[in-house]
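Down below is the structure, laid out as structure tokens.
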Amino acid sequence: MTEVPDVTAILARAGFDPSESVLTRRQAEVLALRERGLPQAAIADELGTSRANVSKVETSARDNIEKARETVAFAETLQAPVRIDVDPGTDLYEVPDLVYDGCDDAGVKVPYSAPEVMKLVSEAAGDAIAGREVKQHILVGVTSDGTMRVRVQPED
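In the numbering used here, the protein residues as written are 9 to 164.
Right, dumping it as structure tokens:
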């Protein structure tokens, strides 16, 4: 039988507060135990539920975390002192200069080389870029500490 760590102690050490989190206590418990390598069956036994329920709780928790990350990225982009609109038809190789010019105007230091900027934008934009061509409108935000956030405008 798998030894189950004290999940209450784990959550307390991590500072989990369900009133301040996008996760329920049960979701936090499941994630804490899964991150320590426990199989879903052992967690189900510990929490007095089914493995299927643990799976559902874990999936919901990971979905909530991804939504929270997306929300933070959105908020950071809105608040960023540098916001660069990249129009469809733009060559990806032009994007670093657009970013550098916008950051120079705002006095923000960009800690990325041109190839790194292109890679970050390309990876974050996904299908909005094909080859070197921007296919959908992209907003690149750069925070005051130089963090880049890339948002793709949904197609109509």
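Glycine is no exception: its CB is placed at the ideal position from the N, C-alpha and C atoms.
- Under the DSSP definition of a beta bridge, MET156 partners with VAL150.
- Look at the beta carbons and you see the stretch 145-156 touching the stretch 101-113: at least three pairs across the two are nearer than 8 Å.
- For ARG91, the enclosing beta strand (DSSP E) has its first and last residue at 90-94.
- Burial state of ALA49 is exposed, judged by a 10 Å Cβ sphere holding fewer than 16 other Cβ atoms.
- The DSSP-derived three-state label of VAL116 is coil.
- The distance from the Cβ of VAL116 to that of GLY154 is about 6 Å, consistent with a contact at the 8 Å cut-off.
- Annotation for ARG34: VAL65 place their beta carbon closer than 7 Å to its own, counting only its chain and skipping 5 residues before and after.
- Rounded to the nearest whole angstrom, the C-alpha separation of ARG70 and VAL62 is 12 Å.
- Here the alpha carbon of VAL158 sits roughly 14 Å from the alpha carbon of PRO96.
- In this structure, DSSP gives VAL142 an extended state, which the three-state scheme calls strand.
- The C-alpha of VAL125 lies about 37 Å from the C-alpha of PRO26.
- Nearest neighbour of ALA136 by Cα position, chosen from THR98, TYR108, ALA122, TYR120, turns out to be THR98.
- Between GLU54 and VAL118, the C-beta spacing is not below 7 Å.
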